[in-house]
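Novice: Chains as they are written, first to last, in the working numbering: chain A, 23 to 305; chain B, 79 to 382.
#1: Mind pulling the chain B residues with CB within less than 7 Å of residue 138 (chain A)?
#2: Whose C-alpha, out of B:131, B:266, B:82 and B:120, is nearest the C-alpha of residue 143 (chain B)?
#3: Is the Cβ of residue 30 (chain A) closer than 7 Å to any Cβ of chain B?
#4: Find the nearest neighbour of residue 137 (chain B) within the set B:89, B:80, B:341 and B:210, judged by alpha-carbon distance.
#5: Against chain A, with Cβ distances strictly below 7 Å, would residue 266 (chain B) count as a contact?
#6: Tell me, please, whether the CB atom of residue 134 (chain A) is closer than 7 Å to any CB atom in chain B?
#7: Of the residues that make up the region 133–151 of chain B, which ones have a beta carbon closer than 9 Å to any beta carbon in chain A?
#8: According to DSSP, simplified to helix, strand and coil, what is residue 33 (chain A)?
#9: Near residue 198 (chain B), which residues of its chain fall below 8 Å by C-beta distance, leaving aside the five closest residues on each side in sequence?
#10: Starting from residue 336 (chain B), trace the alpha helix (DSSP H) both ways and give me its first and last residue.
#11: Helix or strand or just coil, what does DSSP make of residue 382 (chain B)?
#12: I believe residue 282 (chain A) touches residue 198 (chain A) by the beta-carbon criterion, under 8 Å. Please report the beta-carbon distance rounded to the nearest angstrom.
#13: Using the three-state DSSP reduction, which class does residue 272 (chain A) fall into: helix, strand or coil?
#14: Does the region 290–302 of chain A come close enough to the region 118–128 of chain B that 3 or more CB-CB pairs lie under 8 Å?
#15: Let me make sure I understand the geometry here. Which of A:253, A:111 and A:285 has the alpha-carbon closest to that of residue 192 (chain A)?
#16: Looking at the secondary structure, which residues open and close the alpha helix (DSSP H) in which residue 202 (chain B) lies?
#17: Nearest CA to the CA of residue 290 (chain A): which residue from A:206, A:238 and A:241?
#18: Touch check for the region 180–194 of chain B and the region 239–246 of chain B: three-plus C-beta pairs under 8 Å?
#19: So, is the C-beta of residue 232 (chain A) closer than 7 Å to a C-beta in chain B?
#20: Assuming the contact rule is C-beta atoms closer than 8 Å, residue 35 (chain B) and residue 233 (chain B) should be a hit. Round their C-beta distance to whole Å, please.
#21: Express the C-alpha separation of residue 100 (chain A) and residue 196 (chain A) in angstroms, rounding to a whole number.
#22: DSSP state of residue 309 (chain A), grouped into three classes?
#23: Looking at C-alpha atoms only, which residue of B:352, B:290 and B:320 is the closest neighbour of residue 374 (chain B)?
#24: If you run the structure through DSSP and keep just helix, strand and coil, what is residue 256 (chain A)?
#25: Buried or exposed for residue 311 (chain B), going by 16 or more other Cβ atoms inside 10 Å?
#26: Does the beta carbon of residue 143 (chain A) sit closer than 7 Å to a beta carbon anywhere in chain B?
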């Protein structure tokens with residue numbers, strides 16, 4: 023299995039698109055900080071808009087967005103880096119880039135037919151899934167670091183400072199988001215093996231990250247009336263992509279625990295299903 | 079172990095369609111085994127099953143004496159090039175080979191260079207595979223299959239789309255590997271003349287069924303120039319041929335005798351058979367090409 027992992031890591035670091043996706047994520051984070059600065063200026067000059075932001079600020083946005091602003095940032099106080107990072111992670115922009123990477127990385131092995139060269143070289147084909155999951159974990163870590171660096175650079179350039187506070191809590195938050203991202207990555211990997219198609223898995227992955235599954239909320243409530251008793255019920259609350267958007271620096275320990283359980287269950291379930299497909303499906 | 083690889087009633091069904099139907103083949107070490115069949119005959123499906131990339135619906139495959147799930151122990155001893163070569167176009171030939179070397183745990187210095195040399199790609203440098211010609215990709219595909227020094231090379235239509243020079247290069251490479259390394263090769267093709275230049279044994283597959291398994295000598299005997307006599311009762315003619323001193327002949331089917339010697343004596347045979355009141359429909363000197371033989375076995379040119 024170690025050989026397969028080494029092979030995947032070698033390919034990941036050799037592939038052009040790994041760096042393209044990382045550069046794009048970096049640029050997007052940088053642009054997001056710029057947009058945040060622009061929005062803050064706008065809210066500071068338009069009190070009515072700021073009031074609206076205060077009223078709607080607590081609403082959960084399940085979609086993918088850019089340049090989100092917290093009302094507290096418009097008071098002139100320094101914006102803490104952890105909050106800026108958290109807001110950008112919650113926007114699911116990084117999740118979108120992760121989807122692109124996985125669809126390309128795992129999908130290309132199938133699309134190019136390279137898998138035919140290696141499928142017979144491993145005793146158990148599910149080992150190939152482990153290699154991919156580990157590559158996803160490493161890529162996610164690099165992407166998060168790159169994103170934080172880009173946000174820091176943007177913060178220095180557009181706000182003139184980097185204000186770090188609650189470092190311990192921030193590390194915990196990053197750890198949980200890291201786990202949620204890997205869990206969602208395992209969903210995309212499963213889609214790649216299921217569809218055997220880069221475009222289909224890429225599109226489905228982005229749509230799922232953007233909260234397309236909200237459309238089933240009403241249907242679920244109709245089927246199971248007891249769901250009405252749950253305040254603001256949405257299936258997104260129980261998915262790894264939903265929890266990426268939900269989990270903020272201000273979240274309590276119960277949300278962390280829920281996110282942790284969802285991430286672990288997703289990872290185990292999707293990893294097993296991907297392994298099962300690889301083991302059973304003809305190549 | 080008599081055979082390196084053998085299949086026993088191998089069958090593959092896709093829903094209601096039977097792609098491979100009870101095929102039993104036998105391949106000895108060192109053979110170049112030609113798999114002949116029209117497009118859609120089931121060659122690729124068969125090769126995928128023996129390479130471990132596709133699971134049989136029923137039947138068994140024995141490789142190196144291992145069969146069933148035990149075969150997984152030795153499945154890595156098979157190098158494959160199925161359909162188009164599986165290569166990353168944005169990587170160099172070296173890096174593509176290195177990926178497979180890492181996968182099989184090979185880190186010997188100069189190993190990749192040696193493979194590139196064997197397949198005639200030692201001078202491609204860092205050129206991306208996406209910029210390779212079809213022939214270069216095919217040769218790199220063979221190189222990929224050679225990584226790990228397999229005992230069996232499975233090649234599916236490796237000369238498809240190649241120009242004559244490319245075909246000759248691939249042929250020379252395969253013959254050299256077979257001769258120098260004793261590599262057993264299974265090669266499928268529908269370019270029969272080309273296959274006949276390298277194969278030592280053949281299997282003809284049609285509509286998922288094994289039509290014929292024969293050696294090069296048997297095929298050559300079948301296809302070489304001969305006198306063909308068409309008649310109702312060949313058994314009556316055999317004593318006559320014996321009396322005339324013919325030894326190299328055979329009854330090809332229930333209405334046909336093939337004689338492979340003294341090809342200028344068809345008049346004498348006709349006279350002698352006539353003298354014995356043995357009626358014949360026709361007598362002619364003919365030689366059947368491999369294509370003609372293949373088409374005869376697989377039922378014509380309708381979808382060849």
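Just so it is clear, CB atoms sit at the ideal spot from N, CA and C, and this is done for glycine as well.
Specialist: Quick look at the numbers:
#1: Here the question's residue 138 (chain A) lines up with position 116 in the first chain. For the C-beta of residue 138 (chain A), the chain B residues within less than 7 Å are, from N- to C-terminus, 131, 158, 160 and 164.
#2: Within the second chain, numbered from 1, the residue matching residue 143 (chain B) stands at position 65. If we check each option's Cα against that of residue 143 (chain B), B:82 comes out closest.
#3: Taking the first residue of the first chain as position 1, residue 30 (chain A) is located at position 8. Residue 30 (chain A) does not count as touching chain B.
#4: In the second chain, counting from the first residue as 1, residue 137 (chain B) sits at position 59. Of B:89, B:80, B:341 and B:210, the smallest CA-CA separation from residue 137 (chain B) is found for B:89.
#5: Locating residue 266 (chain B) in the second chain gives position 188, where the first residue counts as 1. By this cut-off, residue 266 (chain B) is not an interface position.
#6: The residue given as residue 134 (chain A) occupies position 112 in the first chain. For residue 134 (chain A), the nearest CB of chain B lies under 7 Å from its own CB, placing it at the interface with that chain.
#7: Against chain A - using a Cβ distance shorter than 9 Å - the residues of the region 133–151 of chain B are 133, 150 and 151.
#8: Looking up residue 33 (chain A) in the first chain gives position 11. Collapsing the DSSP output to three states places residue 33 (chain A) in a helix.
#9: Position 120 of the second chain, counted from the first residue, corresponds to residue 198 (chain B). Only 217, 247 and 251 meet the Cβ criterion.
#10: What you label residue 336 (chain B) is simply residue 258 of the second chain in a count that begins at 1. Careful: residue 336 (chain B) lies outside any alpha helix (DSSP H), inside the beta strand (DSSP E) at 334–337.
#11: As a first step, residue 382 (chain B) is located in the second chain; it is residue number 304 there, counting from the start. Because residue 382 (chain B) sits at a pLDDT of 36, beneath the cut-off of 50, its placement in the model cannot be relied upon, and the following sentence gives the value as read from the coordinates. Looking at residue 382 (chain B) - three-state DSSP - the assignment turns out to be coil, as it is neither helix nor strand.
#12: Position 260 of the first chain, counted from the first residue, corresponds to residue 282 (chain A). Position 176 of the first chain, counted from the first residue, corresponds to residue 198 (chain A). In this structure residue 282 (chain A) touches residue 198 (chain A) by the C-beta definition: roughly 7 Å separates them, less than 8 Å.
#13: Translated into the one-based positions of the first chain, residue 272 (chain A) becomes position 250. Coil.
#14: Counting Cβ pairs under 8 Å, fewer than three are found: no touch.
#15: As a position in the first chain, residue 192 (chain A) is number 170, starting the count at 1. Between residue 192 (chain A) and the set A:253, A:111 and A:285, the nearest pair of CA atoms involves A:111.
#16: Counting from one through the second chain, the residue named residue 202 (chain B) turns up at place 124. That residue, residue 202 (chain B), is in no alpha helix (DSSP H); it is neither H nor E in DSSP.
#17: Translated into the one-based positions of the first chain, residue 290 (chain A) becomes position 268. Sorting A:206, A:238 and A:241 by C-alpha distance to the C-alpha of residue 290 (chain A) places A:206 at the top.
#18: Remark: fewer than three beta-carbon pairs, one from each stretch, lie closer than 8 Å, so the region 180–194 of chain B and the region 239–246 of chain B are not flagged as touching.
#19: As a position in the first chain, residue 232 (chain A) is number 210, starting the count at 1. It does not: the Cβ of residue 232 (chain A) has no partner Cβ on chain B nearer than 7 Å.
#20: This structure cannot settle anything about residue 35 (chain B), because the visible part of chain B is limited to 79 through 382.
#21: By one-based count along the first chain, residue 196 (chain A) stands at place 174. By one-based count along the first chain, residue 100 (chain A) stands at place 78. The straight-line gap from Cα to Cα measures roughly 21 Å.
#22: Since the first residue of chain A shown is 23 and the last is 305, residue 309 (chain A) is not available in this structure.
#23: Taking the second chain and counting its residues from 1, one reaches residue 374 (chain B) at position 296. Here the closest residue by C-alpha is B:290.
#24: On the first chain, residue 256 (chain A) is found 234 positions in, with the first residue counted as 1. Coil.
#25: Here residue 311 (chain B) corresponds to residue number 233 of the second chain, with the count starting at 1. Residue 311 (chain B) counts as exposed, since fewer than 16 other beta carbons sit within 10 angstroms of its beta carbon.
#26: On the first chain, residue 143 (chain A) is found 121 positions in, with the first residue counted as 1. For residue 143 (chain A), the nearest CB of chain B lies under 7 Å from its own CB, placing it at the interface with that chain.
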